[in-house]
Structure formats: C-alpha cells, structure tokens
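Participant: Just so you know, we're using our numbering here: the sequence shown kicks off at 1 and counts up by one. Using N, Cα and C, we set each Cβ at its ideal position, and we do this for glycine too. Predicted model, so just to flag it, every value in this text is computed and none were measured.
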Amino acid sequence: MSELKDKLLKGEYKDQLEIKESPIFALLDISEEESKFLKEVGLETIEDLATKWNDCYEKIAKKIPKERINSWIAASRLLSLEETEKVTTGAKIIMVGIDNAGKTSLSIALKHRGALSQLFQKLYALTPTRGLLRSKIEVFGLDVHMHELGGQSIYREDYLSNPQQYFVGTDIIIFVIDVQAIDRFEESFEYLKQITNVTNSLQLKVPWKIFFHKSDPEYEIDDKSAEVFSSIIDYMSKNCPHFDPARDFFRTSVKIRSSILGAFSHIFREISLIQDGVKNASQNIAEELKADFFGLYDFRSNVCFAQYAKEENLVDLSHNAYYEAIETIVNMREPFLRIRRYTLEDEINEIFILRDLRFGGDRYIMAMLTQDEEMSRNIDQEAIQDIIDEKLQDWIEFRGYATFPLE
Ligand SMILES: Nc1nc2c(ncn2[C@@H]2O[C@H](COP(=O)(O)OP(=O)(O)O)[C@@H](O)[C@H]2O)c(=O)[nH]1
Ligand SMILES: [Mg+2]
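#1: Please determine, among 259, 227, 362, 351, the residue with the shortest C-alpha to C-alpha distance to residue 296.
#2: Using 10 angstroms around the beta-carbon of residue 87, count the other beta-carbons present and answer buried if the total reaches 16, otherwise exposed.
#3: Pick out whichever of 102, 193, 155 has its Cα sitting closest to the Cα of residue 211.
#4: Where does residue 343 sit, in a helix, a strand or coil, going by DSSP?
#5: Relative to ligand 1, is the shortest distance from any of its heavy atoms to the C-beta of residue 322 smaller than 7 Å?
#6: So the candidates are 65, 56, 72, 62; which of them puts its Cα closest to the Cα of residue 23?
#7: Starting from residue 307, trace the beta strand (DSSP E) both ways and give me its first and last residue.
#8: Drop a sphere of 10 angstroms on the beta-carbon of residue 139, count the other beta-carbons inside from all chains shown, and report buried for 16 or more, exposed for fewer.
#9: Can you give me the C-alpha to C-alpha distance between residue 124 and residue 117, rounded to a whole angstrom?
#10: Buried or exposed, going by whether 16 or more other CB atoms sit within 10 Å of the CB of residue 148?
#11: Express the C-alpha separation of residue 100 and residue 121 in angstroms, rounding to a whole number.
#12: Anyone know if the C-beta pair for residue 375 and residue 293 falls short of 8 Å?
#13: Is the closest heavy atom of ligand 1 to the C-beta of residue 128 under 7 Å?
#14: When DSSP labels each residue in this structure, what does residue 367 get in the three-state scheme?
#15: With which residues is residue 145 paired in a DSSP beta bridge?
#16: Using 7 Å as the cut-off, classify the Cβ of residue 100 as near or not near the heavy atoms of ligand 1, replying yes or no.
#17: So what's residue 31 in DSSP terms, helix, strand or just coil?
#18: Output the boundary residues of the beta strand (DSSP E) element that contains residue 269.
#19: Out of 176, 92, 258, point me to the one whose CA is closest to residue 303's CA.
#20: Kindly list the residues whose CB is nearer than 6 Å to the CB of residue 69, restricted to its own chain and excluding five residues on each side of it in sequence; keep chain order.
#21: When every heavy atom of ligand 2 is checked, does at least one fall within less than 7 Å of the C-beta of residue 131?
#22: Rounded to a whole number of angstroms, what is the C-alpha to C-alpha distance between residue 13 and residue 27?
#23: Does any heavy atom of ligand 2 sit closer than 7 Å to the C-beta of residue 97?
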C-alpha cells in the first residue's frame with residue numbers, strides 16, 4: 001500500500017500496525033493544534049480516529065470545519081483497512097453462478113422502471129451471457145462496477161484457473177442459485193465450493209452473499225431442496241469468515257420487486273464506508289418527519305441508499321409501493337407528489353408519500369410512511385428538501401472522501 005501511505009501521511013512508515021498506532025498528527029493535512037484538540041476529546045491514534053470518531057464527531061465539529069474532519073476520518077479509515085479490502089475509485093461487485101441461474105435478469109430487474117409485464121418480455125428474450133459482462137451503475141454518486149461471470153462450464157474453468165484476474169479487488173461476491181433447478185443443485189453447490197476455495201487460497205477477505213433466486217410467490221420449496229439450501233448456508237458460514245448465516249442470504253424473484261431492490265440496497269449500503277452515519281441521519285429525518293419509514297432512492301439505479309424503518313415489514317411495503325409509483329411517472333420531468341394509503345393489520349393506516357428531490361444535480365426519490373394525518377396533508381416540498389439537506393449533507397460530502405480516488 002505504498003501509494004496510499006505517501007498520499008495520506010507526513011513521514012515514512014514500516015507497516016500498517018505502526019501506522020495505526022501513530023498519532024493523528026501523522027496525517028498529511030493536519031496541524032499540531034488540530035491534532036491536540038482531537039486528543040483532548042479522546043482521539044489519539046489513527047486507529048482511534050478510524051474506529052471511534054462517531055462518538056465525538058459533533059464535539060469536534062463545533063471547532064473544526066466538517067470537510068476537514070471528514071477527510072481525516074476517511075484517510076484514517078483507508079489506512080486501517082486490510083490490504084485486500086482497499087477501496088479504489090468505486091466498488092466492484094461480482095455476480096456468479098451457473099448458467100440460467102438468473103444473474104443477468106437480476107440486474108435488469110433492479111433497474112427496470114416500467115410495468116412488470118414489460119420486464120418479463122425483456123427477460124424472456126435473454127440469451128446466456130458469454131464470458132464476462134460488465135456494467136456500471138452509479139449509486140448515490142459512487143461508481144459501482146458489476147461484473148457478471150457467464151456461467152457456462154467453458155467459462156467457469158477460466159475463472160477458476162485465472163482467479164486473480166477476476167476476483168482481486170472485489171468488494172462483494174454474489175452467488176446466484178436457481179431454487180427451481182433441482183436437478184442442478186449439485187452442480188451449483190460444487191461450483192460455489194470451487195470458487196470459495198479459490199478466493200480463500202488468494203486470501204481475499206471478501207464478503208459473500210447468496211441469492212436463492214427464482215423464489216417466486218407461487219413456487220413452493222420442498223423439504224429436500226430446503227435441506228440443500230441449509231447445507232449451503234452451513235458450508236458458507238464454516239468456510240467464509242465474512243459470511244453471516246443470519247444476514248447474508250436473500251430470497252429473490254423477479255416477480256417480487258421488493259426482494260431484489262431490498263437485497264441490492266442492503267448490499268450497496270454495506271459497501272459504502274458511510275453507512276453508519278447515513279443510517280443515523282435517516283433515523284433523525286424519520287423522526288422529524290414523523291415517519292415510520294424513510295427511504296431515499298437513487299432514481300437512476302433504484303437503489304435505496306438511505307433507509308430507516310421502525311418495523312421491518314414496512315421496508316418491503318415501501319419498496320413495492322416505490323416501484324408501483326414510478327411505473328407511471330417515468331417520463332415526468334416535474335417534481336411529483338404521490339400519496340397512497342395502506343392499511344396494515346386492519347387498523348393501522350400508513351400513508352405513503354413519494355417526493356422528487358435533487359442533490360448536487362442528481363435525482364432522488366424520497367419515500368416515507370407516516371400515520372400522521374396532519375403531517376401528510378401539510379408536508380411541504382421545501383421543508384423536506386431542507387431537512388434532508390441538513391441531515392444528509394455531511395454524508396453526501398463525506399462520500400467523496402470515503403471513496404478516495406487512487407490513481
Ligand atoms: N420464474 C423465474 N424465472 C426467472 C427469474 N429470474 C430469471 N428468470 C428466468 O431465468 C432465465 C435465465 O436468466 P438469465 O438472467 O439469463 O440467467 P444467467 O445465465 O444467470 O444470466 C431467463 O429465462 C429468465 O426469464 C425469476 O425470478 N423467476
Ligand atoms: Mg447472464
């Protein structure tokens with residue numbers, strides 16, 4: 001990590017441990033006085049700053065401009081990242097799985113804004129991906145490079161014999177399994193084992209996600225399949241240190257749009273270095289708006305970047321309502337307001353409100369669910385924009401540092 005050290009530090013350092021234990025003053029762009037002040041609030045070393053900044057951010061911000069603090073935090077976090085986790089100019093996601101698992105369909109479905117019937121027409125026409133298929137999407141200003149590894153066996157051998165070329169520098173690997181292709185489970189599982197062996201032998205500490213795809217609403221998973229799936233999850237938690245069996249698998253189907261949006265949004269938030277801050281900010285916004293759910297969707301990618309939900313079941317409700325709403329407004333240029341009412345458990349009325357917003361020239365859609373009639377009637381475009389600007393602005397700026405371009 002020599003270039004990184006040169007860009008961020010004043011002096012010469014032996015190794016990462018030495019860097020982490022160095023005083024914050026070692027950072028290139030910080031004065032003695034500033035670092036003294038950080039020490040007073042309890043941040044002494046670069047590692048302190050990388051891990052404990054959140055506890056005293058507000059206190060520091062009273063004295064030092066946030067852009068400066070943010071750049072130090074980003075620098076210290078980058079210096080503390082493991083070699084293999086280092087951030088480049090964006091994020092790289094690999095989607096892998098045998099042919100026909102639904103990899104291409106997943107990324108098409110995520111971005112599709114029209115009616116479901118139109119989506120199905122697109123998907124019927126798909127042919128198997130040959131070799132590597134790259135696409136770039138921008139999520140909240142971060143470039144996310146998606147690499148689909150075509151799943152036919154001739155290609156699989158290439159990935160396994162030249163793994164560095166495909167897997168190094170990856171932020172997340174998504175393995176896609178077609179839950180309906182019972183006669184191909186064995187082949188699929190075998191392939192998964194081969195790839196995890198390869199990434200383990202390269203010592204890549206990359207987080208894995210498993211998509212149990214084609215979990216259509218009308219499709220019933222039989223006991224035998226369920227057994228295979230739990231053995232896959234078992235295998236992953238034993239063999240991949242970053243795999244959390246409680247959190248890192250998703251049931252997805254192109255017929256349930258919230259399933260795909262939910263899974264990818266979760267993943268994108270995880271990739272971002274600023275997820276903790278964004279999460280807290282989202283909760284603050286929700287409280288101010290008296291909302292049970294608040295979400296900020298990136299209009300181009302449909303990913304929900306900032307999200308807070310009082311109850312887990314409101315997430316799917318909102319994601320589905322979002323897709324349903326934007327189906328009809330794709331070509332609208334003016335800001336729009338959409339309000340719908342949902343009744344939950346026969347008594348709770350949630351009012352769904354959608355608003356068009358802009359940040360730094362990009363278009364976002366805010367969605368919220370509230371039970372507050374008065375709020376929903378009087379909610380004002382400018383007030384929403386102001387609240388979101390106020391709470392999220394720092395994070396939007398910080399995002400630029402968090403991705404820290406390394407030429
Ligand atoms: N029933 C069902 N079919 C799907 C779903 N997702 C994709 N497919 C179909 O699966 C087939 C293979 O999809 P594709 O994305 O090309 O798979 P890939 O080879 O992994 O890229 C296509 O015919 C899709 O229409 C799903 O969620 N449910
Ligand atoms: Mg494909």
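Facilitator: Taking the definition as stated:
#1: 362
#2: Legend: pLDDT at residue 87 = 46, less than 50; position of this residue unreliable, value from coordinates given subsequently. Counting Cβ neighbours within 10 Å, residue 87 comes out buried, since at least 16 surround it.
#3: 102
#4: strand
#5: no
#6: 72
#7: 304-309
#8: buried
#9: 11 Å
#10: buried
#11: 16 Å
#12: no
#13: yes
#14: strand
#15: 92, 136
#16: yes
#17: coil
#18: No beta strand (DSSP E) holds residue 269; the alpha helix (DSSP H) holding it covers 257-271.
#19: 258
#20: 60
#21: no
#22: 12 Å
#23: no
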